[in-house]
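S.K.: Below you'll find the structure I mean.
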Amino acid sequence: MTASTPPARLHPVPPAAELDATSRLLMHAAVARAGTQGYRGFTVRDLVADAGISSQTFYTRFTSKEACFVAGLQELAEAAEVHARLIIGDATDPAERLRRTITGALSLAADHPTATRVLLLESYAVGTTAQAERDRVLDATVQLVGGAAPDIVRAVLGATARVALEGCVDTTGATPSPRALAEPLAAWAATYANAALDDLPTMPAATSRRRGRAPGSLVPVGPDGSRRLRPGPKREPRAFVEHHQQDRILDGVATVVARDGFDGLTTRSLSTASEISSKAFYQHFSSLDEAFAATMLTGGRGALAAALPASMAPTDWGDGIAQGLRALLEFLAEEPAFAKVALIDALSLGTAGVAFQREAIDVLAAIIDTGYERADTTVAATVSSAVAAGAWELCADRVRRERAADLLALAPVLTVLALTPAIGITAAVRVAGRMAAATADSPT
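Start counting the sequence shown at 3; every next residue gets the next number (the working numbering).
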């Protein structure tokens, strides 16, 4: 199975013309259950009880719980597209269309947190067919907004979706309401008003291929195709052997999840991928969840080790941000398994996945903030977080389309995304040009 192949367990969804009142009642029950309990928190038996029908009647409408849920998700996505058209209305200026989209989408998220959670989070628990519904809404909205810089629009809408997602899953009250963040996000988006990126430089192709910085490639594969230590008379120190086993486990987690999704991660599949026994696994980790958390932490540290020094090296703060972003993109391109797990698959864990990603986005925002602090201009406190979330969306979109190897090409647009609120788009494009030229001149 490749990363782009929908899971075999996902059965076809009936055409809309075949959906009668009972079918729609079941679909709505599935969406409601997923929004309050999570997709994995209910069964067909629950849906049958909600609808007041027999199991036999359920299976005359849908072949599985998944098919029922996806049908409801598709209906929800269609409604979201209609809402986007309505809130944009008769506005013709792309900047105004984007402002209306942001404020309207976050008001809708505040009023309908259950539906928001289903579309933006629970879809990841099912597979690529369900995830595609979230992406279809975003793709359609980018086209509706229009403008000369679709990547910037996608980044802004991705940051908006992140605010909506985090607002609907927070139960502590620590996260501001999506509606409360609508105006700050709209003000940030306005800094890119009517942006045209015709002069944006093209990044040279990556020439380096460093590995071993994140789970998925921590332990090199030997000539025999194995990651195990070679047998022989020389005995390695116990601490080295344990560290080697841990790295193989983390490699196995990233490999299995990137290939099969989180549901494919079992002790058996992990043992095969990491080439260790289940007994050895439990000597290092108490559960698969703990191993996944360690995988995310290790990869995050690798990303930080790549981006932070690069961002601090240049004298000019703008060049520092540009070089930090370039280094981060290189890291992700060179570690495709970890990139997919972090950017996409983590959300299949539900709220825990949202928390994993929030920590990573916060680290990226802190790197950007460090650059802003060196500048002679004032930037609103929410900007770095919005930029980081927008950058995250652009990277995830590239990986989702199986173009992880091309992530470095995003460096100029991410530079413009990060610097425009502080120095304007013209100066930001110049910095992107210097970054692209420096990359071309680099021996690596």
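Don't be surprised by glycine CBs; every beta carbon is placed ideally from N, CA and C.
Cβ atoms of L327 and G160: under 9 Å apart, would you say?
M.R.: no
S.K.: Going by the CB atoms, is the gap between A93 and L121 shorter than 9 Å?
M.R.: no
S.K.: Less than 9 Å between the C-beta atoms of A208 and F340, yes or no?
M.R.: No.
S.K.: Since H30 is in the alpha helix (DSSP H), which residue starts that stretch and which ends it?
M.R.: 23–39
S.K.: Quick one: Cα of T2 to Cα of S350, how far?
M.R.: The chain is shown from 3 up to 446; residue 2 falls before or after that span and cannot be answered.
S.K.: Taking Cβ to Cβ, would you say A324 is nearer than 9 Å to A256?
M.R.: no
S.K.: Check the C-beta distance from A82 over to G169 and give it rounded, since I have them as a contact under 8 Å.
M.R.: So it is not a contact: roughly 16 Å between Cβ atoms.
S.K.: In or out: K67 buried (at least 16 other Cβ within 10 Å) or exposed?
M.R.: buried
S.K.: Can you say whether S289 is buried or exposed, counting buried as having 16 or more other CB atoms within 10 angstroms of its CB?
M.R.: exposed
S.K.: Between the beta-carbon of E124 and the beta-carbon of G227, is there less than 9 Å?
M.R.: Cβ distance not < 9 Å, so E124 and G227 don't count as in contact.
S.K.: My understanding is that A342 touches A406, with C-beta atoms under 8 Å, so please give their C-beta distance in whole angstroms.
M.R.: The displayed chain sequence assigns Lys, not Ala, to residue 342. With 8 Å as the limit, K342 and A406 qualify as a contact, their Cβ atoms being about 7 Å apart.
S.K.: In chain order, what residues of the same chain have a beta carbon less than 6 Å from the beta carbon of T4, not counting five sequence neighbours either side?
M.R.: Low confidence applies to T4: its pLDDT is 38, below 50, so where it sits in the model is not reliable, and the reading given next is rough at best. For T4, where only same-chain residues beyond five positions count, there are no Cβ hits under 6 Å.
S.K.: Three or more C-beta pairs closer than 8 Å, one from the stretch 93–103 and one from the stretch 191–211: is that the case here?
M.R.: yes
S.K.: Does the Cβ of A382 have 16 or more other Cβ atoms within 10 Å, making it buried, or fewer, making it exposed?
M.R.: Label assigned to A382: exposed.
S.K.: Under 9 Å, do W319 and Y284 count as touching if we go by C-beta distance?
M.R.: no
S.K.: Under the rule that 16 or more other beta-carbon atoms within 10 Å means buried, what is T7, buried or exposed?
M.R.: Below a pLDDT of 50, predicted positions are generally treated as unreliable, and T7, at 37, falls in that range; the measurement from the model is reported next regardless. With fewer than 16 other Cβ atoms within 10 Å, it is exposed.
S.K.: Let me know if P311 comes out buried or exposed under the rule of 16 or more other beta-carbons within 10 Å of its beta-carbon.
M.R.: exposed
S.K.: Let me know the secondary structure DSSP gives D95 once reduced to three states.
M.R.: coil
S.K.: In angstroms, rounded to a whole number, what distance separates the CA positions of I425 and L49?
M.R.: Straight-line Cα distance between these residues: approximately 54 Å.
S.K.: Once DSSP output is grouped into helix, strand and coil, what is the label at P311?
M.R.: helix
S.K.: Measure the alpha-carbon distance for T65 versus D52 and round it to whole angstroms.
M.R.: 18 Å
S.K.: Grab me the residues of T177's own chain with a C-beta within less than 8 Å of its C-beta, minus the 5 sequence neighbours each way, in chain order.
M.R.: E168, G169
S.K.: Between the Cα of R360 and the Cα atoms of L345, S271, R403, I370, which residue gives the shortest distance?
M.R.: Nearest C-alpha to R360: L345.
S.K.: Relative to the C-alpha of L140, which candidate in S109, L183, V84 has its C-alpha closest?
M.R.: Nearest of S109, L183, V84 to L140, Cα basis: V84.
S.K.: Under 9 Å, do R164 and I370 count as touching if we go by C-beta distance?
M.R.: Not closer than 9 Å, so no.
S.K.: State the DSSP-derived secondary structure class of F287, mapped to helix, strand or coil.
M.R.: coil
S.K.: Give me the Cα-Cα distance between Q22 and A34, rounded to the nearest whole angstrom.
M.R.: Note that residue 22 is Asp in the sequence shown here, rather than Gln. Approximately 18 Å, taken between the alpha carbons.
S.K.: Determine the closest residue to A377 out of T422, L410, E336, with distance taken between C-alpha atoms.
M.R.: T422
S.K.: Mind reading off the beta-carbon distance from F287 to A305? Whole number of angstroms is fine, and I expect it under 8 Å.
M.R.: Contact flag wrong, Cβ pair sits at about 22 Å.
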